[in-house]
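To start, the structure under review is shown below, and the notes come after it.
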Amino acid sequence: MKRISWDQYFMAQSHLLALRSTCTRLAVGATIVRDNRIIAGGYNGSVSGGVHCIDEGCYVIDGHCVRTIHAEMNAVIQCAKFGIPTNGAEIYVTHFPCLNCCKGLIQSGIKKVYYAEDYKNHPYALELFENAGVQVEQVELEEMILDFNSQEKLDLTAELLRKLSTSGLEEAELRPLYEKASKLFAGLK
Ligand SMILES: [Zn+2]
Ligand SMILES: [Zn+2]
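With UniProt numbering, letter number 55 in the sequence shown gets 55, and the count goes up by one each step, no holes.
This is the structure:
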């Protein structure tokens, strides 16, 4: 059995958290990690007890929804609330953080930011990270990790393709199917 890597494990956790997001504009999740232990997590949502964008619509000012607290800040605030140091910790975020969150992360002492998807990556944020000595690395989530019967699907697809290849179908017709399948299943042979 192949073990999931730490990077993929923490990134998957952030993607799970994003499913709890209450703003319809973008679902973001963030996981703060220290010494390979999850110390906090957050998603973008309203203040506790507040109404949700998914129920009432977003509260948009100057093109931004102002109702929610971003996932990264919710995770940092959770640490503040319960007295957990963030100094020297790392954060896994589903999307590249906005400028304000980048500043907040720097001030909280976070030393490395892993993000899955590019999202309006601000050049000033990158400059601030660099000046503060914060490392930034993209870690894309391997989708299959959250697919619990991916092996069965892979086996079935491989079997179907094998049968098709012996059914007299032209190579030109088969190739796009193979390409599509190997894109979906990284391990298809
Ligand atoms: Zn909203
Ligand atoms: Zn933000």
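C-beta: ideal position from N, C-alpha, C; glycine also.
For E90, the uninterrupted beta strand (DSSP E) run begins and ends at 90 to 95, by DSSP. Excluding residues up to 5 positions away in sequence, G29, A30, T31, Y92, V93, T94 lie with their Cβ nearer than 7 Å to the Cβ of S14 in the same chain. Distance from the CA of I38 to the CA of S5, rounded to the nearest whole angstrom, comes to 14 Å. Between the C-alpha atoms of A181 and D155 there is a straight-line separation of about 11 Å. F129 is positioned such that its CB atom lies no closer than 8 Å to that of T157. With a cutoff of 8 Å on beta-carbon distance, I69 and V47 are scored as near each other.
Pairing R67 with C23 gives a Cβ-Cβ distance under 8 Å. Taking C-beta separations shorter than 8 Å and ignoring five residues to either side along the sequence, the partners of K111 in its chain run G88, A89, E90, G133, V134, Q135, following chain order.
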